[in-house]
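Trainee: Okay, here's the structure, questions in a sec.
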Amino acid sequence: MLIVQKYGGTSVGSAERIKAVAQRIAKTARDRSVVVVVSAMGKTTDGLVKLASDISSNPSRREMDMLLSTGEQVSIALMSMALQELGQPAISMTGAQVGIVTEAEHSRARILQIKTDRIERQLKEGKVVVVAGFQGISRSEELEITTLGRGGSDTSAVALAAALQAERCEIYTDVPGILTTDPRLVPEAQLMPEITCDEMLELASLGAKVLHPRAVEIARNYGVPLLVLSSWTDDPGTRVISSTPQRPALQDLELAKSVDAVEYNTDQAAVSMLRVPDRPGVAARLFGGIAEQKIDVDLIIQSIHEGNTNDIAFTVSKDVLKKATAVAEAILPALGKNNDPVLGEPEVRGEDKAVAKVSIVGAGIIGRPRVAARMFATLADAGVNILMISTSEVKVSCVIAAEDCDKAVAVLCEAFEVKVSPVPEEKLESLADESIPAVRGVALDRKQAGLAVRKIPDRPGMAAKIFGLLAEQNISVDTIVQSQRSRRINGVLTRDLVFTVAEGDGELARETLLENAAECGWQDVELQRAIAKVSAVGAGMVAHPGVAAKMFKVLADAQINILTIATSEIKISCVVDEENGVKALQAVHTAFGLSLNY
Ligand code: ASP
Ligand code: MG
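Number 750 in the numbering used here belongs to position 508 of the sequence shown; there are no gaps in the numbering.
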């Protein structure tokens, strides 16, 4: 029986702590084999970064790796000594000595392979093997020292557990595990006993500091049982579980790809409510009615437009289109009139044309603006027009005409070099387990800015253009929403698109898009007020209809206006005014019963 244990910087922050952790390791090593992965002590890595910046404003990435990898080398030696001091045989090893082979990509290398024979020999001799996290060695003849990117020792630990086929991987930190939300904002936040890898990835903004998304992705792909727990207590911590079967091949351990799979869903139809008043309660009313009729809703998006009206659009399976449209029409009279001849009145449209949803999925999407841009460009090159867009942390979904679906899936699989994933229906059925809570955790992203690009000519390639331009500026885009509203200007059909970026990038994003407005054909770029995004994540949403309706109702009851909505199968995100962010987070956390003890 083999266990991999990883200890973060705080857990090995001083000689005292190293000694305390060594006790714990020695205890575990009494009746099983243990591989230990450690980070650099305390804030060592930050200190080294600072030191480098005192010498060079733009140090070479190779030298940075040479420098940063030293931090972990200190802790492995000390940890090994501490174990030996307790009479526990131990040996320290660098990434190179272990044979953690990575790409030759300095400062952000991905793990390709781990040679396990040297570790296994040492384990057989009864030693605890203490491995330096965060570092590896390139496959090239040069044997370059590489690092995996900040926070990368989680990745080292889970990759080692996968390669050694460990019984489990334990991640020790200075918090008791994964919490239902940020305890600084919601003091009632509770420890989650369990969470799935997919949920964990969608909660990246909440949990990434505790557990790196790349580590979660490896755990999911290889079915490594993960446990996040405190170094200081004996509390049970959080189990991070994966539903996908183990992938046998250990070659290319970390996919060098940003996208894991292409998914699609056909036989859908879209309903939209156009030009509805921008005030609390409209979405709550609509989806309350939909839930009452027991209609399953897939994608939901809302985006705000000029004249302070919203468009809300959603997709349902084609056979319930009439029923869904009727629900939307029934609430129309209660919304009142816009009394604006230019804008027009609220209206419901049940598009009779079948649509399909195609999505790209993968942890590699997090923080990489080029991936979404590439998806849009690939569809554009194939002549596929995008009707709606909705994004989440690890997924970009586009609604397109049903007849384009096969072509879209084929070109996306080719562009991202992935296979089409199992039929989503099957996957969803396996998820549809009543015992999984509808909402596992909620997160708040603050410090974001909203942008709206309006009157974009409705032809393939426009989204690709917009997000390509932003990617060139290295601006990471968060939630992207494109609704159904279209409008004819001088005979040209146009659409609007809204998205969020980090607050600091807002102005640059606006300028970049404005500079290109004339050439590309959009007419209006607006930087919106300070906003925050509240997200609820739970795999159980699939089995519990009405979760979206409930979330919208909670916000409406708190008199909070929703600006934008974007969903994926297991996540609902609402963009609200920044000043309402914490209040919204608290309300949603309480409403889904997360403030109670499990
Ligand atoms: N020491 C590295 C860092 O601070 C790796 C890690 O701690 O995971 O980013
Ligand atoms: Mg960490």
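Glycine included, C-beta positions come from ideal geometry on N, C-alpha and C.
1) Pick from 461, 476, 480: whose alpha carbon is nearest that of residue 469?
2) Measure the alpha-carbon distance for residue 399 versus residue 570 and round it to whole angstroms.
3) Taking the alpha-carbon positions, what's the residue 723 to residue 750 distance?
4) Which residues in the same chain have their Cβ closer than 7 Å to the Cβ of residue 679, if we skip the five residues on either side of it in sequence?
5) For my contact list, residue 356 and residue 340 are in at a C-beta cut-off of 8 Å; report their separation, rounded to the angstrom.
6) Drop a sphere of 10 angstroms on the beta-carbon of residue 259, count the other beta-carbons inside from all chains shown, and report buried for 16 or more, exposed for fewer.
7) Buried or exposed, going by whether 16 or more other CB atoms sit within 10 Å of the CB of residue 335?
8) To the nearest angstrom, how far is the alpha carbon of residue 854 from that of residue 697?
9) Comparing alpha-carbon positions, which option in 364, 752, 391, 813 lies nearest residue 344?
10) So, with DSSP's three-state summary, where would you put residue 831?
11) Is residue 287 near ligand 1 - that is, is its Cβ less than 7 Å away from at least one heavy atom of it?
12) Which runs of the beta strand (DSSP E) fall wholly inside the stretch 291 to 360 and span at least 3 residues, in chain order?
13) Given a threshold of 16 other Cβ atoms within 10 Å of its Cβ, counted over all protein chains shown, does residue 543 qualify as buried or as exposed?
14) Does residue 430 come out as helix, strand or coil in the three-state DSSP assignment?
15) What's the C-alpha gap between residue 314 and residue 333?
16) Classify residue 297: buried if its beta carbon has 16 or more other beta carbons within 10 angstroms, exposed otherwise.
17) Would you check if the distance between the CB atom of residue 438 and the CB atom of residue 483 is smaller than 8 Å?
18) Does DSSP classify residue 825 as helix, strand or coil?
19) Measuring CA to CA, which of 575, 758, 765 is closest to residue 735?
20) What residue range is occupied by the uninterrupted alpha helix (DSSP H) comprising residue 265?
21) Taking Cβ to Cβ, would you say residue 377 is nearer than 8 Å to residue 311?
22) For a test of the three-state rule: what should DSSP assign to residue 277, helix, strand or coil?
23) Looking only at DSSP bridge pairs, what is residue 547 linked to?
24) Alpha carbon to alpha carbon, what distance is there between residue 742 and residue 611?
25) Using only the alpha-carbon positions, how far apart do residue 485 and residue 600 sit?
26) Let me make sure I understand the geometry here. Which of 778, 733, 654 has the alpha-carbon closest to that of residue 685?
27) Is any heavy atom of ligand 1 found at a distance shorter than 7 Å from the C-beta of residue 376?
28) What residue does the alpha helix (DSSP H) around residue 442 start on, and which one ends it?
29) Please specify which runs of the alpha helix (DSSP H), each continuous and at least 4 residues long, are wholly inside the stretch 579 to 650, giving them in chain order.
30) Considering only residues of the stretch 480 to 543, which uninterrupted beta strand (DSSP E) runs meet the minimum length of 3 residues and lie entirely inside it, listed in chain order?
31) Please say whether residue 373 and residue 277 have beta carbons closer to each other than 8 Å?
32) Is it true that the stretch 505 to 517 meets the stretch 793 to 805, where meeting means three or more beta-carbon pairs spaced less than 8 Å apart?
33) Is residue 621 closer than 8 Å to residue 200 when the C-beta atoms are compared?
34) Exposed or buried, residue 423, counting other C-beta atoms within 10 Å across all chains shown (16 or more means buried)?
35) At what residues does the beta strand (DSSP E) containing residue 379 begin and finish?
36) Within the continuous beta strand (DSSP E) that includes residue 248, where are the two ends?
Mentor: Straight from the coordinates:
1) Here the question's residue 469 lines up with position 227 in the sequence shown. Just measuring C-alpha positions, the residue of 461, 476, 480 sitting nearest residue 469 is 480.
2) Mapped onto the sequence shown, residue 399 falls at position 157. Mapped onto the sequence shown, residue 570 falls at position 328. Approximately 50 Å, taken between the alpha carbons.
3) The sequence position of residue 723 within the sequence shown is 481, counting from 1. The sequence position of residue 750 within the sequence shown is 508, counting from 1. Their Cα atoms are separated by approximately 20 Å.
4) The residue you call residue 679 lines up with position 437 of the sequence shown. Cβ within range, chain order: 780, 782.
5) Counted from its first residue, the sequence shown places residue 356 at position 114. Counted from its first residue, the sequence shown places residue 340 at position 98. Indeed they touch by this definition, with Cβ atoms about 7 Å apart.
6) Position 17 of the sequence shown holds residue 259. It is buried - the Cβ of residue 259 has at least 16 other Cβ atoms within 10 Å.
7) Here residue 335 is taken as the residue at index 93 of the sequence shown, counted from 1. Classification for residue 335: buried.
8) Any property of residue 854 remains undetermined from this structure, which presents the chain solely from 243 to 840.
9) Taking the first residue of the sequence shown as position 1, residue 344 is located at position 102. Of 364, 752, 391, 813, the residue nearest in Cα terms is 391.
10) In the sequence shown, the residue the question calls residue 831 occupies position 589. Here residue 831 sits in helix by DSSP.
11) As a working mapping, residue 287 is identified with position 45 in the sequence shown. A distance criterion of 7 Å places the beta-carbon of residue 287 in contact range of ligand 1, judged by its closest non-hydrogen atom.
12) Segments of the beta strand (DSSP E) lying fully in the stretch 291 to 360: 332 to 335, 342 to 344, 353 to 356.
13) Residue numbering aside, residue 543 sits at position 301 when the sequence shown is read from its first letter. In the assembly as shown, residue 543 is a buried residue. Its beta-carbon has 16 or more other beta-carbons within 10 Å.
14) In the sequence shown, the residue the question calls residue 430 occupies position 188. Coil.
15) Counting from 1 along the sequence shown, the entry for residue 314 is found at position 72. Counting from 1 along the sequence shown, the entry for residue 333 is found at position 91. C-alpha separation (whole angstroms): 14 Å.
16) The count along the sequence shown starts at 1 and reaches residue 297 at position 55. Classification of residue 297: exposed, given that the 10 Å Cβ count is below 16.
17) In the sequence shown, counting from the first residue as 1, residue 438 sits at position 196. In the sequence shown, counting from the first residue as 1, residue 483 sits at position 241. For residue 438 and residue 483, yes; Cβs fall inside 8 Å.
18) Indexing the sequence shown from 1 puts residue 825 at position 583. It is helical.
19) Within the sequence shown, the letter at position 493 stands for residue 735. Ranking the options by Cα distance to residue 735, first place goes to 765.
20) Translated into the one-based positions of the sequence shown, residue 265 becomes position 23. Counting along the chain, residue 265 sits inside the alpha helix (DSSP H) bounded by residues 257 to 271.
21) As a first step, residue 377 must be located in the sequence shown, where it is residue number 135. As a first step, residue 311 must be located in the sequence shown, where it is residue number 69. Yes, these two residues count as a Cβ contact at 8 Å.
22) Your numbering for residue 277 matches position 35 in the sequence shown. Strand.
23) For this step, residue 547 is matched to residue 305 along the sequence shown. DSSP lists 551 as partners of residue 547.
24) Reading the sequence shown from its first residue, position 369 is the one you call residue 611. Reading the sequence shown from its first residue, position 500 is the one you call residue 742. Distance between the alpha carbons of residue 611 and residue 742: 12 Å.
25) Translated into the one-based positions of the sequence shown, residue 485 becomes position 243. Translated into the one-based positions of the sequence shown, residue 600 becomes position 358. Distance between the alpha carbons of residue 485 and residue 600 is about 22 Å.
26) The residue labelled residue 685 in the question sits at position 443 within the sequence shown. Proximity to residue 685 across 778, 733, 654 peaks at 778, based on C-alpha coordinates.
27) One-based indexing of the sequence shown puts residue 376 at position 134. Result yes, Cβ under 7 Å from ligand 1.
28) Taking the sequence shown and counting its residues from 1, the one referred to as residue 442 is at position 200. First-last of the alpha helix (DSSP H) with residue 442: 439 to 444.
29) Segments of the alpha helix (DSSP H) lying fully in the stretch 579 to 650: 611 to 623.
30) Note on the stretch 480 to 543: whole beta strand (DSSP E) runs with a minimum of 3 residues are 480 to 483, 503 to 519, in chain order.
31) Locating residue 277 in the sequence shown gives position 35, counting from the first residue. Locating residue 373 in the sequence shown gives position 131, counting from the first residue. For the pair residue 277 and residue 373, the CB atoms are nearer than the 8 Å cut-off.
32) Contact between the stretch 505 to 517 and the stretch 793 to 805 is absent, because fewer than three Cβ pairs lie under 8 Å.
33) The requested residue 200 does not occur in the structure, where the chain is confined to residues 243 to 840.
34) Looking up residue 423 in the sequence shown gives position 181. Buried, because 16 or more other Cβ atoms sit within 10 Å of the Cβ of residue 423.
35) As a working mapping, residue 379 is identified with position 137 in the sequence shown. Note, residue 379: beta strand (DSSP E), 377 to 380.
36) One-based indexing of the sequence shown puts residue 248 at position 6. Residues 244 to 249.
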